[in-house]
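To keep things clear, I will list the structure first and then write my remarks on it.
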Amino acid sequence: MPSFSHFFNILMETKGVFLKAMLLTLELTVVSILLGIVIGLVFALLKISNIKVLELISDIYVYLVRGTPLIVQIFILYFGISGIFLLPDFWAASLALALHNGAYISEILRGAIQSVDKGQFEAGRSLGMTKTLTLRRIILPQAFRRALPPLGNQFIISLKDSSLAAFISMNELFNVATTLGSNNFDEMTYLLIVAVYYLLLVALMTFVVNRIELKLAVSDR
Amino acid sequence: MLWNKKFILVSSIIVVCFLSACAEKEKLEDGSELINKNQFVFAASGEFKPFSYINDDLTMSGFDIEVGEAIAKEMDLEPVQKRIKFKGIVEGIKTGRADAAVASHTINPQRSKHVSFSTPYYYSGPQIFTRTDSKIKTVQDLEGKEVAVAKGSTYADTASEYTDKVKTYDSDITALKALSSGRHDAVITDFVTGKTAQKEGFKIKPGQLINRSEQAIVLPQNNPKLLKRVNESLEKLREDGTLTQISIEYFGEDITKKPE
Numbered sequence: 001m002p003s004f005s006h007f008f009n010i011l012m013e014t015k016g017v018f019l020k021a022m023l024l025t026l027e028l029t030v031v032s033i034l035l036g037i038v039i040g041l042v043f044a045l046l047k048i049s050n051i052k053v054l055e056l057i058s059d060i061y062v063y064l065v066r067g068t069p070l071i072v073q074i075f076i077l078y079f080g081i082s083g084i085f086l087l088p089d090f091w092a093a094s095l096a097l098a099l100h101n102g103a104y105i106s107e108i109l110r111g112a113i114q115s116v117d118k119g120q121f122e123a124g125r126s127l128g129m130t131k132t133l134t135l136r137r138i139i140l141p142q143a144f145r146r147a148l149p150p151l152g153n154q155f156i157i158s159l160k161d162s163s164l165a166a167f168i169s170m171n172e173l174f175n176v177a178t179t180l181g182s183n184n185f186d187e188m189t190y191l192l193i194v195a196v197y198y199l200l201l202v203a204l205m206t207f208v209v210n211r212i213e214l215k216l217a218v219s220d221r
Numbered sequence: 001m002l003w004n005k006k007f008i009l010v011s012s013i014i015v016v017c018f019l020s021a022c023a024e025k026e027k028l029e030d031g032s033e034l035i036n037k038n039q040f041v042f043a044a045s046g047e048f049k050p051f052s053y054i055n056d057d058l059t060m061s062g063f064d065i066e067v068g069e070a071i072a073k074e075m076d077l078e079p080v081q082k083r084i085k086f087k088g089i090v091e092g093i094k095t096g097r098a099d100a101a102v103a104s105h106t107i108n109p110q111r112s113k114h115v116s117f118s119t120p121y122y123y124s125g126p127q128i129f130t131r132t133d134s135k136i137k138t139v140q141d142l143e144g145k146e147v148a149v150a151k152g153s154t155y156a157d158t159a160s161e162y163t164d165k166v167k168t169y170d171s172d173i174t175a176l177k178a179l180s181s182g183r184h185d186a187v188i189t190d191f192v193t194g195k196t197a198q199k200e201g202f203k204i205k206p207g208q209l210i211n212r213s214e215q216a217i218v219l220p221q222n223n224p225k226l227l228k229r230v231n232e233s234l235e236k237l238r239e240d241g242t243l244t245q246i247s248i249e250y251f252g253e254d255i256t257k258k259p260e
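Here you go:
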């Protein structure tokens, strides 16, 4: 284990390069979460659509994505389809992450939507609202509030999963740490430093999710 | 309370056992130390064809592996392969996860601070590789271009001398694969590795040979007796032509003799 003063010196010296890497990690995470929510919502709605074909499509998607490791998906987008279409590395990584998150988010949202009491839907319908309107105005707002804690969890997981982009040479936090670590024969110090940056990012993310949760809880008061 | 004390005692004994177990090596009569007294555990990455690569049964083959096995035989030890990612090998030797590494390590001052080197067992050099339609030929052409290299290799330093856009992969083959599929502008890697990848159908071509380098076996610094034994074995293998024979088997030429 490195001494604390050594750790602290290196932490200060490498501030610039790590902050740049942190920005890339953040970009990857934010893009993949936003895309993931859209993908997740679409497949959750397909799943509860009561139309057999659409349900099947959603099932197959979730099965394929949940059934294969993220690193395999990243390599498929990076190398596998390069003969047909060359995805830039940023999009190979963030699309893989988004598709991966999307599958998990769709299951979270489906569970949340189905947990809203049936009476709510019936009430909406009996007030003369259409099915879509009931879903949008009554069901989804309640479902989203229930989905927030597991969603926050998923966001944190996707932040850390973005480290797998290191394997396709993206200079995000983990790749910078291991490259500097092996160049200086000092892996442990750099891995500890990168752990600090991830903790910072997770703290930030937890804070944001908590704020949204508070805001959505207004109606409970 | 009593239970608590017992628990702490037992758990600390377990921790101490674990900590000491990973550092323990067996001492031989001549003063050299080995992880297991009748085995020579040598590390390689298995991701550096044709120097080291993985067979279908997950054992490794290649030039480095055969040299490692020949040395073990020369020292009357059983050769044991150990696969470690290239960037982790020096750290692995320092912490005693293998007795030595026969993994195409270029001798350089940074590494010499952390580990010992044997005499060189082959001579090579980094070369620029580009896609077949590229105009890049010499190191001067690399300025402002994106160059991919393997993490922990000396080529990363070489590359950063000429450009500030350096991308790192876990292995040289992955870097070459990315180049071949249309990413980055160039890769700097060992000329034999690049040539082999080209033969295997990668869409790449060689550019300038940047300089000559000497590759040697890596050993821990606190084991000078083992270093001496390895060097003696290497000398014998050089004299009786074993090294030359292995080199010709893999490359069709002798790369174990110092070039003029």
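If you're matching them up, the sequences are chains A and B in order. For reference, each letter of the first sequence is one residue, going 1 to 221 in full-length UniProt numbering. For reference, each letter of the second sequence is one residue, going 1 to 260 in full-length UniProt numbering. The C-beta atom is built at its ideal place from N, Cα and C for all residues, glycine as well. What you are looking at is a predicted structure, and each value in this text was computed from that prediction instead of being measured.
When the options are compared against residue i, the one with the closest alpha-carbon
i, options, result
"Val-17 (chain A)", "A:Thr-206, A:Ser-182 and A:Glu-172", "A:Glu-172"
"Ala-96 (chain A)", "A:Arg-137, A:Ile-168 and A:Ile-138", "A:Ile-168"
"Lys-49 (chain B)", "B:Ser-61, B:Leu-237 and B:Pro-206", "B:Ser-61"
"Leu-164 (chain A)", "A:Leu-28, A:Ser-5, A:Gly-152 and A:Leu-54", "A:Leu-28"
"Met-205 (chain A)", "A:Ala-143, A:Met-188, A:Lys-160 and A:Gly-67", "A:Lys-160"
"Ala-175 (chain B)", "B:Val-147, B:Gln-81, B:Thr-163 and B:Glu-235", "B:Val-147"
"Ser-217 (chain A)", "A:Ala-103, A:Tyr-63 and A:Ala-143", "Contrary to the premise, residue 217 (chain A) reads as Ala rather than Ser in this sequence. Nearest C-alpha to Ala-217 (chain A): A:Ala-143."
"Leu-58 (chain B)", "B:Gln-39, B:Gln-81, B:Val-67 and B:Lys-203", "B:Gln-81"
"Leu-209 (chain B)", "B:Val-192, B:Gln-198, B:Val-218 and B:Gly-241", "B:Val-192"
"Asn-211 (chain B)", "B:Phe-251, B:Thr-189, B:Lys-6 and B:Ile-217", "B:Thr-189"
"Asp-172 (chain B)", "B:Ser-213, B:Gly-31, B:Ser-247 and B:Glu-47", "B:Glu-47"
"Gln-39 (chain B)", "B:Ser-11, B:Asp-56, B:Ala-70 and B:Ile-54", "B:Ala-70"
"Asp-64 (chain B)", "B:Lys-258, B:Glu-253, B:Ile-246 and B:Pro-259", "B:Ile-246"
Under the three-state DSSP convention, the category residue i falls into
i, result
"residue 234 (chain A)", "Given a span of 1 to 221 for chain A in the structure shown, any question on residue 234 (chain A) remains unanswerable."
"Thr-59 (chain B)", "coil"
"Lys-113 (chain B)", "coil"
"Ser-104 (chain B)", "strand"
"Val-149 (chain B)", "strand"
"Lys-37 (chain B)", "coil"
"Ala-98 (chain B)", "coil"
"Leu-99 (chain A)", "helix"
"Val-218 (chain B)", "strand"
"Ile-10 (chain A)", "helix"
"Glu-26 (chain B)", "strand"
"Ile-54 (chain B)", "strand"
"Phe-144 (chain A)", "helix"
"Gly-170 (chain A)", "Reading the sequence as shown, one finds Met at residue 170 (chain A) and not Gly. Correct three-state label for Met-170 (chain A): coil."
"Arg-125 (chain A)", "helix"
"Pro-259 (chain B)", "coil"
"Pro-224 (chain B)", "helix"
"Phe-7 (chain B)", "helix"
"Pro-150 (chain A)", "helix"
"Ile-173 (chain B)", "helix"
"Gly-31 (chain B)", "coil"
"Ala-21 (chain B)", "Unreliable positioning characterises Ala-21 (chain B) in this predicted model, as indicated by a pLDDT of 48, which lies under 50. A coordinate reading is not provided."
"residue 257 (chain A)", "No answer is possible for residue 257 (chain A): it lies beyond the span of chain A, which begins at 1 and ends at 221."
"Ser-5 (chain A)", "helix"
"Ile-81 (chain A)", "coil"
"Ser-180 (chain B)", "helix"
"Thr-163 (chain B)", "coil"
Strand pairing of residue i, partner residues [DSSP]
i, result
"Gln-127 (chain B)", "B:Thr-189 and B:Leu-209"
"Thr-168 (chain B)", "B:Val-149"
"Lys-20 (chain A)", "None; Lys-20 (chain A) has no bridge partner."
"Gln-140 (chain B)", "BP columns for Gln-140 (chain B) are empty, so no partner."
"Phe-42 (chain B)", "B:Gln-81 and B:Ala-100"
"Ile-204 (chain B)", "B:Arg-131"
"Pro-120 (chain B)", "B:Ala-216"
"Glu-47 (chain B)", "B:Tyr-53"
Bounding residues of the beta strand (DSSP E) (the contiguous stretch that carries residue i)
i, result
"Phe-251 (chain B)", "Looking at the DSSP string, Phe-251 (chain B) is not in any beta strand (DSSP E); the run it does join, the alpha helix (DSSP H), is 242-251."
"Val-80 (chain B)", "78-83"
Residue span of the alpha helix (DSSP H) that contains residue i, given as start and end
i, result
"Val-196 (chain A)", "187-216"
"Phe-85 (chain A)", "Taken as a continuous stretch (DSSP letters only), Phe-85 (chain A) belongs to no alpha helix (DSSP H), as it is neither H nor E."
"Thr-154 (chain B)", "No alpha helix (DSSP H) holds Thr-154 (chain B); DSSP gives it neither H nor E."
"Thr-132 (chain A)", "131-134"
"Phe-75 (chain A)", "70-75"
- Output, in sequence order along the chain, the residues in the segment 68-96 of chain B whose CB is closer than 7 angstroms to any CB in chain A. Listed by position, the residues of the segment 68-96 of chain B near chain A (Cβ gap below 7 angstroms) are Lys-87, Val-90 and Glu-91.
- Task: With 7 angstroms as the limit, tell me which residues of the segment 158-180 of chain A have their beta carbon closer than that to any beta carbon of chain B; keep them in chain order.
- Result: Within the segment 158-180 of chain A, the residues whose Cβ lies closer than 7 angstroms to some Cβ of chain B are Phe-167, Ser-169, Asn-175, Thr-178 and Thr-179, listed in chain order.
- Any residues in the segment 134-147 of chain B with a beta carbon nearer than 8 angstroms to a beta carbon of chain A? Which ones, in chain order? Here the close residues number zero.
- Item | Members of the segment 85-100 of chain A near chain B, C-beta cut-off 8 angstroms | Cβ contacts with chain B come from Leu-86 and Asp-89.
- Message: Along the segment 184-205 of chain A, where does the CB come closer than 8 angstroms to a CB of chain B? Name the residues.
- Response: If the cut-off is 8 angstroms between Cβ atoms, the segment 184-205 of chain A has Phe-185 and Glu-187 near chain B.
- Item | Residues in the segment 54-86 of chain A having any Cβ partner in chain B nearer than 7 angstroms | For the segment 54-86 of chain A, which is checked against every Cβ of chain B, the residues closer than 7 angstroms are Phe-79, Ser-82 and Leu-86.
- Got a sec: which bits of the segment 181-210 of chain B sit with their beta carbon under 9 angstroms from any beta carbon on chain A, in order along the chain? For the segment 181-210 of chain B, the beta-carbon criterion of a distance under 9 angstroms to any beta-carbon of chain A is satisfied by Ser-181, Gly-182, Arg-183 and His-184.
- Message: Short of 7 angstroms Cβ to Cβ, which residues in the segment 105-116 of chain B face chain A?
- Response: The segment 105-116 of chain B vs chain A, Cβ under 7 angstroms: His-114.
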